[in-house]
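Structure record follows, encoded as structure tokens.
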Amino acid sequence: MNYDVCIIGAGITGAMTARKLAAYDVSVAVLEAAGDVAMGATKANSAIVHAGFDAEEGTLKARLNVAGCAMMPTECAELDVPYDNCGSLVCAYSEEEIRHLEKLLARGIANGVPELRIVGGEELRRMEPKISPDAVAALWAPTAGIVCPYELCIAACEHAAINGAQFYLNFPVVSIVKEDGLFVVSDGKQVVRARYLVNACGVHSAEMAQLAGEENFPIRIIPRRGEYMLLDRAEGDTAEHVLFSCPSANGKGILVSPTVDGNLILGPTAAAIDDPDDTATTEAGLSLVQTGARHLVPGVNTRAVITQFSGVRPTPVGADGDITKSDFYIHVSEQIPGLLHLAGIESPGLASSPAVGEYAVELLSGMGLKLDKKENYMTGRPEKIRFRELTDEERSAVIAKNPLYGKIICRCETVTEGEIVDAIHRPIGARDLDMVKRRTRAGMGRCGSGFCSPRTVEILARELGVPMDEITKCGGGSVILNGGKK
Amino acid sequence: MENKKIIIIGGGPAGLAAAIEANNAGIAPDDILILERDRELGGILNQCIHAGFGLHMFGEELTGPEYAGRFIDIVKERSIGYLCDAMVLSVTADREVTFVSPTEGFCRVKAGAIVLAMGCRERTRGALNIAGTRPAGIYSAGTAQRYVNIDGYLPGKRVVILGSGDIGLIMARRMTLEGAKVLRVCELMPYSGGLPRNIAQCLDDFDIPLYLSHTVTGIHGKERLEGVTVAKVGDDRRPIPGTEADIECDTLLLSVGLLPENELSREAGIVLDSITGGAQVDETMQTSIPGIFACGNVLHVHDLVDFVTKEAYRAGASAAAYVTGDAAPVGDVLTTEGKNGVRYVMPQKLNAQGNLTTETTLFFRVDNIYRDRAVVLSVDGREIFRRKKRFLEPGQMESFALTEDAIAAIRGGKTVTVALD
């Protein structure tokens, strides 16, 4: 198939680029090596929409973060993705750390972050009653917020898909050649041809640049793993805002934050690793997460953990090797005409993503891509019913229309069979347990999917017309019923 | 849907027995409604196809479905109301229940009395905070049991089991009989949490080794589980460095404890016991909210379904008495407590003016293995009676009925203590 633009990588950066291109009369292919979108750093991060005071003034990171944060409420409303503008607090424990807050404040003001100010210990405790008694001040950023990163990514992809973008999942790119002015991108089985190529490969973006023939790609990507713990919803009110410690060279440190789904998230650690796909958790890492969280909220109930996970972020390192100064690497390739790199996008990549998408479209236009407004452009994405959020009257109405919405499959998160069936048949439909989980929250709760997973496996098998022992947890060889039918 | 005299949440052994006893006490069958979230009545017993149920109740060894069947038959014969595929979403202190079902839609029903019989759930890998990857192949023992016994699929072939709870032991045998190789059972504690008969019949008879004071410290494999790291633990239950061993396996079953499912109770404002995880109840099984009763594994985790049934009979009769106005007036309330090795006592409250009889039974569990001890019951520090015990272990629920002396002391007392001596 021939396309105008081929985006490699369906994380939040690729997804938002596809979404922003959807408004134009441009044919788009999105290639993703994994079996679902949002499977890299997008799947496992702190889920924070940062206000934009961390990045150095004048960097791309600073500009796109502040712009993206400002766009986020509208983006989420349009895509029907829950967004909570809860604000963030960077907490200081000493005179020295207060001086650091002052530095962040000045930087934030220079970056254009609105309404930033430093609050004293008393005000901090009023805002956040469970904060450590040792915290003496905090930088208050009311524009920061929280969003579910994979839901935002899935929603952006669904929006792009209904506007004609073609998604190729399980498409690990093995070769890129240029023929007759077109990039020919192949996974060894099928090929996709396109005039413009967008590298949105996250931790693999340097490899992708090399595959496209780019020599001397100016940045190295260091995979840095962050481990997290997610606590039961009963602990969701432990913090009302995103709580940070003062940042260090290792990033923004361990945070404590509510999530849009009502849980409490603790993390991340930051450890450079060799294998960019190694998302195992470690005992040492989980122990650091707990220590870091207690530093902020001494009473945090880490016994209420329901799961732990880790994500690998693509930390870019420039020629000087200094990771603290690293910026997003968003550049038109000088060497390969038609190639655009959206690389080195670590935190605040989620917050920046709508602005990154817009900027990518602007750069593609500058590269010669013709942008005519699409005539039958659709905003938003197909209607999504969240049974647990409906009023009683709405519940009666949806069950009357479709009785499957009267059958609760996941009791922890109150997810109905109707929602699971919908997730399977939506654009970029669910094919495995984890895809159902990310789209509906079935299996996200405190029972660890013990009750709902056999049911969900059954529904997947029925809807996809395959036997139960072919259903996987997360694609590939992750079959659930390894022993087969008896 | 019209209002009901008694709504029973859960159609497992507890809910079924409560319904039958409420009916025995004179509540009309169509004034009772059992709400069951699964597609049929019977609860977890439906997947417990092994024998061993009913020795106390019926004097015979039944399978789980047979045991449940006896109660389901009575419910159906008498046309006691029930609705399957019905999930309760909320319960309020003034006894309003909301639920959904594909056939009835969204319903809000008022009840004269409510019996909570939601059962329990299994502790998960997440709750244990075991580090490593997150592949397919890790199941709670009960989930694996459902796959094997209800769906007819074998979850895996080379199995390590963490935790020696009864479901884990039963599944060790079940997976073996279905052709899987169960490599070992690891138990964090220096003793098993399961019944001795299950250790003998499910592990010893099949040469499956039980490693006491061992735990799983690592999980390996990207897509499907490829192996686990196990380690010996010290007296502090922390892994001892240097004792780690990697075991190749495609399945890890967890049988590491059961937790009463009290989300609905908590939201209704019912006072819970921090040790049992269930509601605090009095001798009638009434919770802190008048007219709401609890029984079975949602109240405290039982080892034997026979005791669940007996407890549920009491809850059903009490709910009926509450509705008909025959309940004893609430008088002075005593608190029970466990001391010196006794982890908890249920019921947590006793009504001094209530119908205490020599059939009123106190249930308790100990916190460790004890030999040649006495269990002492005292009221306000005064010893009433003691019973010699050769052997006590956490996996086995203990109980004794009140004596006339004890009842007399309780009528004028404040605190009832059960302690080891």
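As they're listed, the protein sequences go chains S and Y. The opening residue of the first sequence carries number 0 in numbering that gives the first Met the number 0; numbering runs sequentially from there. The opening residue of the second sequence carries number 0 in numbering that gives the first Met the number 0; numbering runs sequentially from there. Just so you know, even glycine gets a beta-carbon here, dropped at the ideal spot from N, CA and C.
Simplified DSSP assignment, three categories, for residue i
i: isoleucine 383 of chain Y; result: strand
i: threonine 414 of chain Y; result: strand
i: lysine 221 of chain Y; result: coil
i: arginine 120 of chain Y; result: strand
i: serine 100 of chain Y; result: strand
i: asparagine 215 of chain S; result: coil
i: alanine 69 of chain S; result: helix
i: methionine 86 of chain Y; result: strand
i: cysteine 451 of chain S; result: helix
i: leucine 127 of chain Y; result: helix
i: leucine 368 of chain S; result: coil
i: glutamine 46 of chain Y; result: helix
i: glutamine 144 of chain Y; result: helix
i: proline 530 of chain S; result: Past the edges of chain S, shown from 0 to 485, lies residue 530 of chain S, and the structure says nothing about it.
i: asparagine 23 of chain Y; result: helix
i: glutamate 374 of chain S; result: coil
i: arginine 107 of chain Y; result: strand
i: proline 259 of chain Y; result: strand
i: glycine 167 of chain Y; result: helix
i: tyrosine 2 of chain S; result: strand
i: arginine 425 of chain S; result: coil
i: glycine 394 of chain Y; result: coil
i: valine 456 of chain S; result: helix
Proximal chain S residues relative to residue i, where beta-carbon distance stays under 8 Å
i: asparagine 45 of chain Y; result: None at all; the shortest Cβ gap to chain S is about 13 Å.
i: alanine 130 of chain Y; result: Ala279, Thr280, Thr281, Glu282, Gly284, Leu285, Gln307
i: glycine 141 of chain Y; result: Gly449
i: proline 154 of chain Y; result: Ile479, Leu480, Asn481, Gly482
i: glycine 151 of chain Y; result: Lys484, Lys485
Beta-carbon gap between residue i and residue j smaller than 8 Å
i: threonine 242 of chain Y; j: threonine 228 of chain Y; result: no
i: arginine 386 of chain Y; j: alanine 405 of chain Y; result: no
i: arginine 380 of chain S; j: leucine 78 of chain S; result: yes
i: threonine 402 of chain Y; j: glycine 353 of chain Y; result: no
i: glutamate 310 of chain Y; j: glycine 295 of chain Y; result: yes
i: serine 256 of chain S; j: histidine 294 of chain S; result: no
i: valine 304 of chain S; j: isoleucine 130 of chain S; result: no
i: cysteine 68 of chain S; j: valine 48 of chain S; result: yes
i: alanine 279 of chain S; j: glycine 8 of chain S; result: no
i: proline 238 of chain Y; j: threonine 214 of chain Y; result: yes
i: threonine 306 of chain S; j: glycine 118 of chain Y; result: no
Short CB-CB distance (under 8 Å) between residue i and chain A
i: threonine 335 of chain Y; result: The structure shown has no chain A; the protein chains it does contain are S and Y.
9 Å Cβ cut-off: residues of chain S touching residue i
i: aspartate 249 of chain Y; result: Asn481, Gly482
Where residue i meets chain Y, residues with beta-carbon distance less than 8 Å
i: glycine 163 of chain S; result: Going along chain Y, no residue has its Cβ under 8 Å from glycine 163 of chain S, so there is no contact; the nearest lies around 32 Å.
i: leucine 403 of chain S; result: Pro101
i: aspartate 391 of chain S; result: Thr97, Phe105, Arg107
Under 9 Å by beta carbon: chain Y residues contacting residue i
i: isoleucine 398 of chain S; result: Val99, Ser100, Pro101, Glu103, Gly104, Phe105
Residues that residue i contacts on chain Y, provided the C-beta gap is smaller than 7 Å
i: threonine 471 of chain S; result: Ala135
i: methionine 467 of chain S; result: Asp150, Tyr152
i: lysine 42 of chain S; result: Chain Y residues near lysine 42 of chain S: none, gap ~11 Å exceeds 7 Å.
i: proline 453 of chain S; result: Thr142, Arg145, Tyr146, Asp150
i: cysteine 486 of chain S; result: Residue 486 of chain S lies beyond the residue range present for chain S, which begins at 0 and ends at 485; the question has no answer from this structure.
i: glutamate 406 of chain S; result: Reading off the sequence shown, one finds lysine at residue 406 of chain S, where the question assumed glutamate. Ordered by position in chain Y, the residues that pass the 7 Å Cβ test against lysine 406 of chain S are Asp84, Pro101.
i: aspartate 394 of chain S; result: Note on residue identity: the sequence assigns arginine, not aspartate, to residue 394 of chain S. What arginine 394 of chain S touches in chain Y: Val99, Phe105.
i: valine 146 of chain S; result: The contacting residues do not exist; valine 146 of chain S stays about 23 Å from chain Y at best.
Contact test: residue i Cβ vs the ligand SAM heavy atom, cutoff 7 Å
i: lysine 60 of chain S; result: The ligand SAM is absent from the structure shown, which contains no ligand whatsoever.
Hey, which unbroken runs of the alpha helix (DSSP H) at 4 residues or more fall wholly within the segment 286-344 of chain Y? 304-323
Tell me, please, whether the segment 120-127 of chain S touches the segment 56-75 of chain S by the rule of three or more beta-carbon pairs shorter than 8 Å. no
Residue ranges of each alpha helix (DSSP H) within the segment 126-170 of chain S, 4 or longer: 148-161
Is the segment 126-138 of chain Y in contact with the segment 465-473 of chain S, if contact means three or more CB pairs nearer than 8 Å? yes
Could you check whether the segment 27-47 of chain S touches the segment 164-172 of chain S, counting it as contact only if at least three pairs of C-beta atoms, one from each stretch, sit closer than 8 Å? yes
Would the segment 54-62 of chain S count as touching the segment 148-166 of chain S if we require 3 or more Cβ pairs under 8 Å? no
Would you call the segment 405-425 of chain S and the segment 41-51 of chain Y in contact, with 3 or more CB pairs under 8 Å? no
Would you list, in sequence order, the uninterrupted beta strand (DSSP E) runs of no fewer than 3 residues that lie entirely inside the segment 198-245 of chain Y? 209-211, 213-219, 226-231
Where in the segment 63-111 of chain S do unbroken runs of the alpha helix (DSSP H), each at least 4 residues long, occur, reported from the N-terminal end onward? 94-110
Ordered list of beta strand (DSSP E) runs contained in the segment 181-232 of chain S, each at least 3 residues: 181-185, 190-198, 219-230
Does the contact criterion of 3 or more C-beta pairs under 8 Å hold for the segment 146-154 of chain Y versus the segment 477-485 of chain S? yes
Return the chain-ordered ranges of every alpha helix (DSSP H) run that is complete within the segment 59-85 of chain Y and spans a minimum of 4 residues. 63-76
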